[in-house]
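Participant:
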Amino acid sequence: MPELPEVEGVVQALKPKMEGRTIQQVQLSEVIRFSFGEGKQCIVKQAEPDAFEMSLTQMTITKIERRAKYIFFHMRKENVPYVLVSHLGMTGAWFVVNSPEEINEAKFQKHIHATFKMADGGFLIYSDIRRFGELRFLEKIEDHTPLTKMAPEPFDEIACDYFIAQSKLPKYENKSVKEVIMDGQVISGCGNIYATEALFAQKIHPARKMNRISEKRKRALFEAIVTVLRQSINAGGSTISDYRNINGEAGSMQNRLQMYGKKMCPVCDTATSQMTIGGRTSVFCPNCQH
DNA sequence: GCGAGTTACCGGTGGC
DNA sequence: TGCCACCGGTAACTC
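Counting from 1 along the first sequence, just add 2 to a position and that's the residue number in our numbering.
#1: Could you give the residue range of the beta strand (DSSP E) that holds Met-277?
#2: Exposed or buried, Ile-160, counting other C-beta atoms within 10 Å across all chains shown (16 or more means buried)?
#3: Please confirm if the segment 175-185 is in contact with the segment 122-142, defined as three or more CB-CB distances below 8 Å between the two stretches.
#4: Relative to the C-alpha of Thr-24, which candidate in Ile-45, Ser-57, Ser-129 has its C-alpha closest?
#5: Leaving out five residues on either side along the sequence, give the residues of the same chain with a beta carbon under 8 Å from the beta carbon of Val-99.
#6: What does the Cβ neighbour count give for Asn-2, buried or exposed, with the cut at 16 atoms within 10 Å?
#7: Determine, using beta carbons only, whether Ile-1 and Phe-224 come nearer to each other than 9 Å.
#8: Name the two residues that bound the continuous alpha helix (DSSP H) containing Tyr-262.
#9: The beta strand (DSSP E) spanning Gly-1 covers which residue range?
#10: Tell me where the alpha helix (DSSP H) around Gln-233 begins and ends.
#11: Of all the alpha helix (DSSP H) runs that stay within the bounds of the segment 117-160, which reach a length of 4 or more residues?
#12: Determine the DSSP secondary structure at Thr-24, reduced to helix, strand or coil.
#13: Determine the direct distance from the alpha carbon of Tyr-196 to that of Leu-259, and round the result to whole angstroms.
#14: Could you check what DSSP says for Val-188 in three-state terms: helix, strand or coil?
#15: Relative to the ligand PLP, is the shortest distance from any of its heavy atoms to the C-beta of Ser-31 smaller than 8 Å?
#16: Could you please give the first and the last residue of the uninterrupted alpha helix (DSSP H) stretch that includes Ser-57?
#17: What are the start and end residues of the alpha helix (DSSP H) that includes Arg-35?
#18: Could you say which of Asp-163, Thr-147, Ser-169 lies nearest to Arg-138 if we only look at CA atoms?
#19: By alpha-carbon positions, which one of Thr-64, Asn-289, Cys-287 ends up nearest to Glu-21?
#20: Determine the extent of the alpha helix (DSSP H) in which Leu-201 is found, giving its start and end residues.
#21: Excluding the 5 residues preceding and the 5 following Pro-18 in the sequence, name in chain order all residues of the same chain whose CB lies nearer than 6 Å to its CB.
#22: Which same chain residues end up closer than 8 Å to Met-266 when comparing Cβ atoms and leaving out the 5 residues on each side of it in sequence?
#23: Whole angstroms are fine: how far does the CA of Thr-117 sit from the CA of Val-28?
#24: Could you have a look at Leu-171 and say whether DSSP puts it in helix, strand or coil?
#25: Could you tell me whether the segment 69-81 touches the segment 40-51, using the rule of 3 or more Cβ pairs below 8 Å?
#26: Taking just the CA atoms, how far does Val-230 sit from His-207?
#27: Measuring CA to CA, which of Cys-162, Arg-35, Glu-10 is closest to Ile-66?
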């Protein structure tokens, strides 16, 4: 499950290997083609498979950057800029290899969905087991509304004030804190794992209503989120089930998690509780978090 | 036009 | 061994 720190790791690894290179040929999987024929948008969004392949052919990757949990591949063809937006969903992974056979994990090998053959040799490959990821080819970011509504990067100095302001809006003030901090229009890139960790660190119950938290506590919570995201980036991300970096390696943050996926509270040894908030599983310590 | 709520997208995993 | 419910980030759709 790649979250912001995992995506950051992917981007940092992709940058030196892919920036400046030109795509010679693109090939989408049969699954994508078949799904499109069925009227579905499997991985490739708002484009016909043929048109998507053609659009990216002869495109030069100028810059790769992360925004929330999205990867932006900025590109250029005949001096016109474009961008390929990638989201890894639950199980997406990028690989930079000399040949597709180099992907040695069977389940990633089996679910290769986009193969980019580079003009100077080698391949950039997108694999996605559960196909929750997306590839979206745009002329500019503004062409896709959800991307324009995203909160600032959590490391941006205005991000905390932005969070405070958003949290006071009518549509958020009566919601649970966990739902609000996981909303990309409030804080960007805070998924279930890191929301769970930050709430535990601040001893806040995930179901507590936003308007029952003081501004001081909200600021402390925001800092806790930033801290846990930074820690995880430094640890190479959390490898929960299927995350791999572009070399197929796992991260180590999962070993440092205090609450996500835990049966016992590491502070007071009470059995943890679980409830569904905003449709997502939430783990917390009923003794420590109020 | 906007917001709230619902559905779609999936295969690996683990429990029985 | 085999079946089946469960899981989840985001967009798109409906109301």
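Ideal Cβ positions, reconstructed from N, Cα and C, are used throughout, including at glycine.
Nothing here was measured: the structure is a model prediction, and the numbers come from that model.
Facilitator: Walking through what the data contain:
#1: Per DSSP, the unbroken beta strand (DSSP E) holding Met-277 starts and ends at 275-279.
#2: Classification for Ile-160: exposed.
#3: Below 8 Å, too few C-beta pairs join the segment 175-185 and the segment 122-142 to call them touching: fewer than three.
#4: The closest CA to that of Thr-24, considering only Ile-45, Ser-57, Ser-129, is found on Ser-57.
#5: Residues of the same chain with a CB within less than 8 Å of the CB of Val-99, apart from the 5 flanking positions on each side, are Ile-105, Gly-124, Phe-125, Ile-127 in chain order.
#6: Only positions 3 to 292 of the chain appear in the structure, and residue 2 is not among them; the question remains open.
#7: There is no way to answer for residue 1, as the model of the chain reaches only from 3 to 292.
#8: Unbroken run through Tyr-262: none, as it is neither H nor E.
#9: Here the chain comprises residues numbered 3 to 292, so residue 1 is not present and cannot be evaluated.
#10: If you look at Gln-233, you'll find it in the alpha helix (DSSP H) that goes 217-236.
#11: Within the segment 117-160, complete alpha helix (DSSP H) segments of at least 4 residues are found at 147-150, given in chain order.
#12: DSSP places Thr-24 in strand when its eight states are reduced to three.
#13: Distance between the alpha carbons of Leu-259 and Tyr-196: 9 Å.
#14: It is coil, neither helix nor strand.
#15: The model on display carries no ligand, and the ligand PLP is accordingly not part of it.
#16: It spans 51-58 - the alpha helix (DSSP H) in which Ser-57 sits, taken as one unbroken run.
#17: 32-39 is the span of the alpha helix (DSSP H), which, as asked, contains Arg-35.
#18: Nearest option by C-alpha distance: Thr-147.
#19: Sorting Thr-64, Asn-289, Cys-287 by C-alpha distance to the C-alpha of Glu-21 places Thr-64 at the top.
#20: For Leu-201, the enclosing alpha helix (DSSP H) stretches over residues 194-203.
#21: None.
#22: Result list for Met-266: Thr-272, Ala-273, Thr-274, in chain order.
#23: Taking the straight line from one Cα to the other gives about 6 Å.
#24: Correct three-state label for Leu-171: coil.
#25: Verdict: no, contact absent.
#26: Cα to Cα, His-207 sits roughly 17 Å from Val-230.
#27: For the residues Cys-162, Arg-35, Glu-10, the minimum Cα distance to Ile-66 belongs to Glu-10.
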